[in-house]
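Working notes, structure below.
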Amino acid sequence: MHNKTFRLFISSTFSDFSREREYMQTQVFPAVEALCASFGYQFQAIDLRWGVNEEAQLDQKTIEICLNEVKTCKHYPHPNFLIMIGNRYGWIPLPYSIERTEFEKILDYYPENSEQRDFLNEWYEHDLNHLIGNSSTAFVLKPRTGKFTDYHAWATVEERLRTLLQEAVAEMSTITERDKYFLSATEHEVINGVFSYLDATGSNRSKKETAGKDCTLDIEYVYGFIREILRKNMEKESSLWHDPDDEMVNRFKSNLRRTLLTKNTIELETRLVMPARVDEHYLTLFTAAVLNFLMESVSRQIDTMNGISGVLKVCTENQMFKEEKLRVFIGRKDVLERIDEYIQSVSTAPLVVFGESGMGKSALIAKAIDNAEQKDNGKVIFRFVGVSENSGNIRSLLLSIIREAGIPDADDLERIFNDDTFSEQVAKTLEGIKERTVIFIDALDQLVEKSWLKWLPSTLPQHLRMIISVLKDKNYEKDSTYLDQLKTIYSEDRHRENFIELPPLTRIDGKEMLTGLLKGLNRTVTSEQEEYVLDQFEQSGCSPLFMTVALEEIRNWKSFSPHINTALDTSVTGGIKTFISDLSVVYHHQGIFVSRVLGYIECSRDGLTEKEILDILSSDHDVMAVFESQYHKNLSGSIPVAPWARLYTQLSPFLAEKTADEVSLITMFHRQFRNAIQTEIIADTSIRKDMHLRLAQYFQRQKLVTSEGVFNLRKLSEQAYQLYHSGRDEELIELIEDDYIRVKHNAGRFYDCLNDIELAFILINTSGSQSAGLKERLFSSLINFFSTYSSEKNGLFDFEIVHAYFVYRNRSDFYEEFLNRATTKEYTREFFSDGKLATDYHLLFLTSFVGFLRRKSRLKEAGTYVHDIIEEYIEIVKGDSDNNAAIRQLSTAYYELGYISYLTGNFREADDAFANSVRYAHQCYNIVGEWITKCVMKRIGFIGGITTIDDFDTTLDEAFKVFKSLESTNHAAKRWVMNVMHHKFEVGFIREDLKMMKRNFEFIRTNEWNLEHDVPMDLFEAQLAMRNKDYDKAIEAYHSWLGRWQNRDISKTEAFADIYLQLGIVYNHKGDSVLARQFLQKALSLSDEPANHMPKLKARYYLDQIS
41 MHNKTFRLFI SSTFSDFSRE REYMQTQVFP AVEALCASFG YQFQAIDLRW GVNEEAQLDQ
101 KTIEICLNEV KTCKHYPHPN FLIMIGNRYG WIPLPYSIER TEFEKILDYY PENSEQRDFL
161 NEWYEHDLNH LIGNSSTAFV LKPRTGKFTD YHAWATVEER LRTLLQEAVA EMSTITERDK
221 YFLSATEHEV INGVFSYLDA TGSNRSKKET AGKDCTLDIE YVYGFIREIL RKNMEKESSL
281 WHDPDDEMVN RFKSNLRRTL LTKNTIELET RLVMPARVDE HYLTLFTAAV LNFLMESVSR
341 QIDTMNGISG VLKVCTENQM FKEEKLRVFI GRKDVLERID EYIQSVSTAP LVVFGESGMG
401 KSALIAKAID NAEQKDNGKV IFRFVGVSEN SGNIRSLLLS IIREAGIPDA DDLERIFNDD
461 TFSEQVAKTL EGIKERTVIF IDALDQLVEK SWLKWLPSTL PQHLRMIISV LKDKNYEKDS
521 TYLDQLKTIY SEDRHRENFI ELPPLTRIDG KEMLTGLLKG LNRTVTSEQE EYVLDQFEQS
581 GCSPLFMTVA LEEIRNWKSF SPHINTALDT SVTGGIKTFI SDLSVVYHHQ GIFVSRVLGY
641 IECSRDGLTE KEILDILSSD HDVMAVFESQ YHKNLSGSIP VAPWARLYTQ LSPFLAEKTA
701 DEVSLITMFH RQFRNAIQTE IIADTSIRKD MHLRLAQYFQ RQKLVTSEGV FNLRKLSEQA
761 YQLYHSGRDE ELIELIEDDY IRVKHNAGRF YDCLNDIELA FILINTSGSQ SAGLKERLFS
821 SLINFFSTYS SEKNGLFDFE IVHAYFVYRN RSDFYEEFLN RATTKEYTRE FFSDGKLATD
881 YHLLFLTSFV GFLRRKSRLK EAGTYVHDII EEYIEIVKGD SDNNAAIRQL STAYYELGYI
941 SYLTGNFREA DDAFANSVRY AHQCYNIVGE WITKCVMKRI GFIGGITTID DFDTTLDEAF
1001 KVFKSLESTN HAAKRWVMNV MHHKFEVGFI REDLKMMKRN FEFIRTNEWN LEHDVPMDLF
1061 EAQLAMRNKD YDKAIEAYHS WLGRWQNRDI SKTEAFADIY LQLGIVYNHK GDSVLARQFL
1121 QKALSLSDEP ANHMPKLKAR YYLDQIS
């Protein structure tokens, strides 16, 4: 995200530069923000007037917060530092920490048992956990408590401490690190914000401080404003504008003049007109100069960054993430050796690392990458999903990998918009790699949208190795499906060793990790504290994430801290809750600010952009109220960026960046964080609904389509979702009525729109007396869309898309109620001025209603309708033999007639009807419909004794080729690729071919459709166990599947008697004739319809055999 945001740190004394800050806030920054926004960037001015609250000052953290923010800004694109200096040098902070021997020298300067020594010892305490260099510790400044929370009481103490320290240091030549005792906060900021400043001071720290930093580039983009306020008679008294002694400020100015480039510096004079007021005419020149500086430098940087290839940006961000993960890596020697052996092997499958959430998979992958790069492994390409813009999107992720690999097909691939075709071509591209290449992909489960791994070659080429990490966690089963998919793709026995489960760390690993993490912060802990941490670490399951989160608490422990033995939770989620609390208590962020930021991110559908977060916070009156100040005016009306910048930096190790809706979204990286937010921040229903409402109102203020005709994808993704979760049915219906369906369809999101429509229906059902009217408006919106579509396209909408979406779902009664309304001729005519079009849609709705009724086993109703429909379509086709839309619907009607005939036991009638359906489908070139009907026809023909199982199996094989060739462009073909596998499993079951069943079950278990629709697997598992003669397992699985059904549904479900029949046979094989007879009797107790005729015949046969 850093490469799309400019952060400018503003350094100056506060009160004497309030007018300059106001002018920049109102006249400079909005213009720069607009410029950045026009190129897809953001500009943020960091003004720490709102960045350091009173609690931080009491904790003596003011200067630490300031300097940390300066350093953070330096990691963002230039320009990132502006210094303003006048006639005041500013506040000189007390050093927070002083090296032990240095402090002891200062103490020795004063007489033994003197009041001065006692006073210093009263406020500085030896912290053995605060490391200085490799062998020393530090005395640290105590927090302000009791009466010293009052600023005036503390000011007296602070001044005396400063005097004592400065007096001793000034007289002692043995103390070399003297700056911290004499420099103002502003000059400290300059030292950290202007890399070459120390050169001008002659400091012996210059080379050390600026090592590895590009000072030449940095100084090109640092800007300075030096202001001189002239006084009458050059009087020396102290005032708002002047120090009584100007030696320090003049030295500071001289150093700045020697450091800053002349072209980047503006010096202006003004004069006092009153003791507390200056002539402000200079502000016009100041404003123009700063605006010019920023506009010019931002434009240059945008040009430079736009010239950097997207691949280079992605590589840089992934490299940074890798380095961060290496900082916390320890152990895992055995796993690393296996990865290295795999890279050197001739394996033709990826190596898959899997484990629970928070077990350190990303850190392991980072170390494995580092190892691979140090050896001669050819090209090493790596991606951590979710850490850079676009990396959470599988298409963008794969394109960037292919581009980095130097494969010229990337541009051609980018022009393929169909996901299935794209995946097939990527697989072929990877198969064609000729150079030695190692590709690492970490955390597939972090993808925004599910990937079905069709882009993976079934056999890796000779020169390609791939290492992939995935989640396997019982607490997050929906996100743990990739392992099963990978095991299905690479199911051969020779690939078993390619799957490595990552075990928990050990206590010894935990100690190494803790020591290393603390060392990076110049911290340690006492032996007692260490033992306590490691005890908690073990109780957490030795999770690396536990240690990473706990570190945010542990890093603040002093060696003399009391009561730390209750500070840490024993679970990762508990530790996260503590961390969230510490953001306010320890790190001094406003509590409501923290809870709203985390709450809004969690309440979003897929995450929020940084701009959205800031905008939403700016419209949140409760949040804005805590940043109002009697001393500082916030003239922009927006949330000050500084508090957000600080919080973002602290949260960043636990955040992910994902691309959706063509923008970069911020979300939580670890699922345990989401759980903690849900239970700690938004557990209260009213709080959660209020946050959803605020998000809904934010997106509600935006247009669906911009004036340039661009779809507002963020509004399309979020607004309906937020309105539903905030319970706003009226507003949700208004949104859907407002051209929403057409826009979402044109944006390629029609399935998502159907989900929004059903959510609206579900919400309406809770609204009581208003529900009928709201439903009517919802139904009208959908039919109005069909009418608009037909007017624009001069044809019928493919209603099969709607039918296929709803007919397989049981979430609500929307589809039934919609069809009940839409199949009324008079109702439908209200929406179409063209009578023929109204008739066509009425028949279309009626045909779909027949299919719905058939699936609900309302066969008499369905049979009555279907004959009328066929008659009407036959008449239409007679009058217009080229009317392919009518012919297609006639084929569908015959299909429904055939299926109804089968369900009622009329197999010959079914066969005739299916034959007509095939004929008409062929006539209108509906090849998918033709082969669907052929499959169903052969299956039902086999059940009825008309065809053989071999006929059915052969037809399935032929149909599969057709469906597979069309699945990338036809949703029905894609669905039937899965259905064919279901039927092939069925064929294997009938033939008692266990190998065939297992082979097809692996596909069924990991199939996209089944996973998306949560299709239960226990019936398949029961049938597999039955044919494997594992009757106990079969019985358990059959009962598990039966437990999902209610009696009223059993009587309506196709061929349910067959399940009772199978279970009865299993009990008979197990030798339990009593239960065998019981379930065979259950099969016979069911009505013949729907389709129980043949299973009941078999049940009677088996009962006779048992008797």
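Going by the numbering used here, the sequence shown opens with residue 41, and the numbers climb by one from there.
Ideal Cβ positions, reconstructed from N, Cα and C, are used throughout, including at glycine.
Cβ-Cβ separation between Ile103 and His228: approximately 6 Å, consistent with a contact (criterion under 8 Å). In the structure shown, the three-state DSSP call for Thr555 is helix. Counting along the chain, Arg47 sits inside the beta strand (DSSP E) bounded by residues 45-51.
With 16 or more neighbouring CB atoms inside 10 Å of its own CB, Asn358 falls in the buried class. Counting of Cβ neighbours within 10 angstroms places Phe457 among the exposed residues, the total staying below 16. When Cβ pairs closer than 8 Å are counted between the two stretches, the region 116-134 is seen to touch the region 190-208, the count reaching three or more. Under the three-state reduction of DSSP, Lys419 is assigned to strand. Look at Met506 here: in three-state DSSP terms it is strand. Going by beta carbons, Tyr829 and Phe837 fall inside the 8 Å limit. One Cα belongs to Tyr688, the other to Gly173, and the distance between them is close to 29 Å. Looking only at Cys113, Ile105, Ser385, Val351, the smallest Cα-Cα distance to Glu537 is reached by Ser385. In the DSSP assignment, Gly903 falls within the unbroken alpha helix (DSSP H) covering 899-919. Restricting attention to Ile1146, Ile138, Ser175, the CA atom closest to the CA of Asn161 is found in Ile138. Under DSSP, the beta-bridge partners assigned to Thr305 are Gly264.
Gly919 and Ala926 have their C-alpha atoms some 11 Å from each other. Two segments are said to touch when three or more pairs of C-beta atoms, one from each, lie closer than 8 Å; by this definition the region 165-185 does not touch the region 604-618.
Relative to Asn834, the option among Gln84, Ala844, Thr214, Lys876 whose CA is nearest is Lys876. Counted as a single uninterrupted DSSP element, the beta strand (DSSP E) harbouring Leu705 occupies residues 703-708. Selection Tyr81, Ser51, Ser807 evaluated against Val703 yields Tyr81 as nearest (Cα-Cα).
Linking Leu1115 to Glu856 through their CA atoms gives a straight-line distance of about 39 Å. Following the DSSP letters along the chain, one finds Leu181 inside the beta strand (DSSP E) bounded by residues 176-181. For Leu404 and Asn850, the gap between their C-alpha atoms comes out near 43 Å.
Boundaries cannot be given for Ser580, as no beta strand (DSSP E) includes it and DSSP labels it neither H nor E. Note: Lys698 is bridge-paired with Leu705 in the DSSP secondary-structure output. Looking at the DSSP output, Met314 sits in a beta bridge with Arg317. The closest CA to that of Asn1047, considering only Lys490, Asp575, Ser941, Val375, is found on Lys490. In this structure, Ile989 keeps its C-beta atom at 8 Å or more from the C-beta atom of His1022. The Cβ-Cβ distance between Gln341 and His118 falls below 8 Å. Listed in chain order, the alpha helix (DSSP H) runs fully inside the region 599-657 are 612-625, 631-643, counting runs of at least 4 residues.
The beta carbon of Leu654 is closer than 8 Å to those of Ser678, Ile679, Val681, Trp684 in its chain, skipping five residues each way along the sequence.
Thr521 and Leu511 have their alpha carbons spaced roughly 8 Å apart. The beta carbons of Leu803 and Tyr845 sit no closer together than 8 Å. With contacts defined as CB atoms closer than 8 Å, Ser531 and Thr566 fail to qualify as a contacting pair. A direct Cα-Cα distance of roughly 14 Å separates Ser624 from Lys101. Per DSSP, the unbroken alpha helix (DSSP H) holding Thr725 starts and ends at 725-740. For Thr461, the enclosing alpha helix (DSSP H) starts and ends at 459-471.
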